[in-house]
Ligand SMILES: [Zn+2]
């Protein structure tokens with residue numbers, strides 16, 4: 014019998030992602046406590062040019078923000094996404110051929126879900142991209158997001174996606190609103206009735222895609238393949254969200270894993286370790302002093318340090334990747 018059989022329930026409880034989380038929290042006291050703690054999380058908005066950024070003070074995320082993700086630390090710990098290591102109370106739902114829906118016990122916001130691959134295999138988006146596109150386009154489980162193995166994933170050794178209520182991610186609302194008003198987000202790389210691809214260079218290097226789900230998935234695949242470095246996927250975070258009958262996809266191209274201030278000593282240290290949620294405009298802080306101290310200049314520096322610089326070579330690669338989508 015598969016190790017997942019102990020975990021899987023036959024049918025998803027009604028009510029989409031929220032329904033599943035309610036069901037699971039009623040049977041898992043640790044999740045219920047984490048959700049109660051979430052009610053006390055504080056947020057504030059930073060005026061940062063005209064693309065919104067929010068700060069969140071969420072002490073419950075400390076284990077994720079400060080996770081050691083180097084290869085030896087990962088080898089030394091039991092994988093928390095493998096079924097044999099899940100807490101006894103934890104249950105999952107098979108939502109696609111290879112992905113199992115689980116609750117995230119360290120939520121950033123409402124609707125925080127995890128989709129774990131059935132096999133213990135390295136974190137990578139391409140092998141799960143079709144399933145991610147289908148889940149995001151269906152829209153019942155919120156906005157999906159992905160952290161590359163060197164870009165915020167706490168489990169770089171086990172393929173997984175996550176989801177949150179779309180309103181938690183400022184960029185989802187911001188770009189959806191731009192498209193609703195027929196305003197273009199940044200430079201146009203591709204503009205067709207079924208698919209638009211744009212480059213927004215403000216603060217972080219963001220590829221903004223909006224189109225029919227299948228076409229958007231093909232473009233994402235072409236971009237990830239075209240930007241691959243020595244066969245490995247490019248360092249990135251991704252967000253996929255339904256926008257009417259279209260799919261909105263945000264691809265944040267990354268450089269550094271963590272900004273210099275993460276490693277600083279003394280009062281200039283900021284424990285900020287950006288993943289997709291942070292890149293999408295919700296910066297998670299786990300210490301009150303960081304939450305209170307971060308200002309516009311520091312946030313701009315953090316985004317700049319962890320984002321891939323835009324060069325003529327990058328533009329050329331993007332154009333070439335999209336040429337046959
Ligand atoms: Zn695993």
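Residue numbers (my numbering): 14 to 338. For each residue, glycine too, the CB sits at the ideal point set by N, CA and C. Computed from a predicted model, the values in this text were never measured in an experiment.
query	result
If we call anything under 8 Å between Cβ atoms a contact, is residue 185 one with residue 261?	yes
Which residues, in chain order, sit with a beta-carbon under 7 Å away from any heavy atom of ligand 1?	92, 94, 95, 133, 168, 170, 171
Where in the segment 174 to 209 do unbroken runs of the beta strand (DSSP E), each at least 3 residues long, occur, reported from the N-terminal end onward?	200 to 205
Can the beta-carbon of residue 37 be found less than 8 Å from the beta-carbon of residue 131?	no
Starting from residue 220, trace the beta strand (DSSP E) in both directions and tell me its first and last residue.	219 to 224
Is it buried or exposed for residue 322, if we count other Cβ within 10 angstroms and need 16 for buried?	exposed
Assign residue 217 to one of two classes, buried (16 or more other C-beta atoms within 10 Å of its C-beta) or exposed (fewer than that).	buried
Leaving out the 5 sequence neighbours to the left and right, which residues in its chain are closer than 8 Å to residue 19 when beta-carbon positions are compared?	96
Kindly list the residues whose CB is nearer than 8 Å to the CB of residue 313, restricted to its own chain and excluding five residues on each side of it in sequence; keep chain order.	61, 216
Looking at residue 119: is its Cβ nearer than 8 Å to the Cβ of residue 77?	yes
Are there 16 or more other CB atoms within 10 angstroms of the CB of residue 283, so buried, or fewer, so exposed?	buried
Return helix, strand or coil for residue 252, following the three-state DSSP convention.	strand
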